[in-house]
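Residue numbers (the numbering used here), protein chains in the order written: chain A, 78 to 196; chain B, 373 to 484. Okay, so here's the structure we're looking at.
This is the structure we're talking about:
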């Protein structure tokens, strides 16, 4: 195990549902990330948090709402999703953001992902 | 828009074969190049983080080289084993964008 856990592992939801994805890391890292992987596409960064503060929103629609209550936990709240939002959602963490320190090259530690299906 | 290209998209080899994959990335404003190994239903796992032109890293039977001036990295697997079957991702970190940009990966299948 990498020390990054995600729940649930699988989620099926209707377009009118509200659900949340949870990510937890026990590595003492300061930065956390949400990625999306759609079929046959590269991993796509959605959000970045550093010390609980959001530092990057990669033009993600507002139906995805992240929350980072502390450096160990990251949530992705889902509301009024579309079928095209069906994908694998991966959480990751890293000790720091790249460039914070001379040796900070931002190796990322990933969770196993949540497979989301929107009906 | 930054683009990271990986080739081939997929590869099927026999146990014992040696193989290699390519990752191409923009050569300007280079900061770091990452390789990850991703087995089905598991978490992507970092193999190497490469930062210097000419870098060569090795972990067991897997090694990687880096050419930042021409914008490519090679990943080599010597004597492939069935447990090497996975998708191998490379990701490029550009100073200007402050985020990792991933390729679509090379899916390797090693048959016994």
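Ideal Cβ placement from N, Cα and C applies to all residues, glycine included. Note that this is a predicted model, so its numbers are computed, not measured.
Which whole-angstrom value is the C-beta distance of residue 476 of chain B and residue 113 of chain A, which I expect to be below 8 Å?
That belief does not hold up - the Cβ atoms of residue 476 of chain B and residue 113 of chain A are roughly 14 Å apart, past 8 Å.
Provide the residue span of the beta strand (DSSP E) that contains residue 142 of chain A, from first to last.
141 to 147
Chain B within 9 Å of residue 107 of chain A, Cβ atoms only:
Judged by the 9 Å Cβ criterion, residue 107 of chain A is not in contact with chain B.
With distances taken Cα to Cα, identify the nearest neighbour of residue 392 of chain B among B:440, B:403, B:451, B:413.
B:451
Is residue 184 of chain A near residue 406 of chain B, with beta carbons less than 9 Å apart?
Taking a C-beta distance under 9 Å as the contact criterion, residue 184 of chain A and residue 406 of chain B qualify as a contact pair.
Within 9 Å (strictly less), CB to CB, does residue 188 of chain A reach chain B?
Yes - at least one Cβ of chain B is within 9 Å of the one on residue 188 of chain A.
May I have the straight-line CA-CA distance separating residue 428 of chain B from residue 377 of chain B, to the nearest angstrom?
20 Å
Which residues does DSSP list as the beta-bridge partners of residue 406 of chain B?
B:421, B:463
If you draw a straight line from the alpha carbon of residue 187 of chain A to that of residue 403 of chain B, how long is it in whole angstroms?
21 Å
In its own chain, which residues sit with a C-beta less than 7 Å from the C-beta of residue 141 of chain A, not counting the 5 before and 5 after it?
Excluding residues within five positions, the ones whose Cβ falls inside 7 Å are 123, 153, 155.
Span separating the alpha-carbon of residue 473 of chain B from that of residue 425 of chain B
19 Å
Using CA atoms only, rank isn't needed, just tell me which of B:461, B:389, B:483, B:385 is closest to residue 418 of chain B.
B:461
Between residue 466 of chain B and residue 415 of chain B, is the Cβ-Cβ spacing less than 9 Å?
no
The beta strand (DSSP E) spanning residue 392 of chain B covers which residue range?
391 to 396
Beta-carbon proximity list for residue 195 of chain A, same chain, < 7 Å, skipping 5 on both sides
90, 92, 158, 159, 160, 162, 163
Where does residue 428 of chain B fall in DSSP's three states?
strand
Can you tell me the Cβ-Cβ gap for residue 110 of chain A and residue 169 of chain A, rounded? I've got them flagged as a contact below 8 Å.
4 Å
Residue 411 of chain B by DSSP, collapsed to three states: which one?
coil
Using a Cβ-Cβ cutoff of 9 Å, what residues of the stretch 465 to 477 of chain B are near chain A? List them in chain order.
Residues of the stretch 465 to 477 of chain B with a Cβ closer than 9 Å to any Cβ of chain A, in chain order: 465, 467, 470, 471, 472, 473, 474, 475, 476, 477.
Cα separation between residue 167 of chain A and residue 193 of chain A?
Here the C-alpha atom of residue 167 of chain A lies approximately 11 Å from the C-alpha atom of residue 193 of chain A.
Taking residue 105 of chain A as the reference, give the member of A:129, A:98, A:148, A:87 with the closest Cα.
A:148
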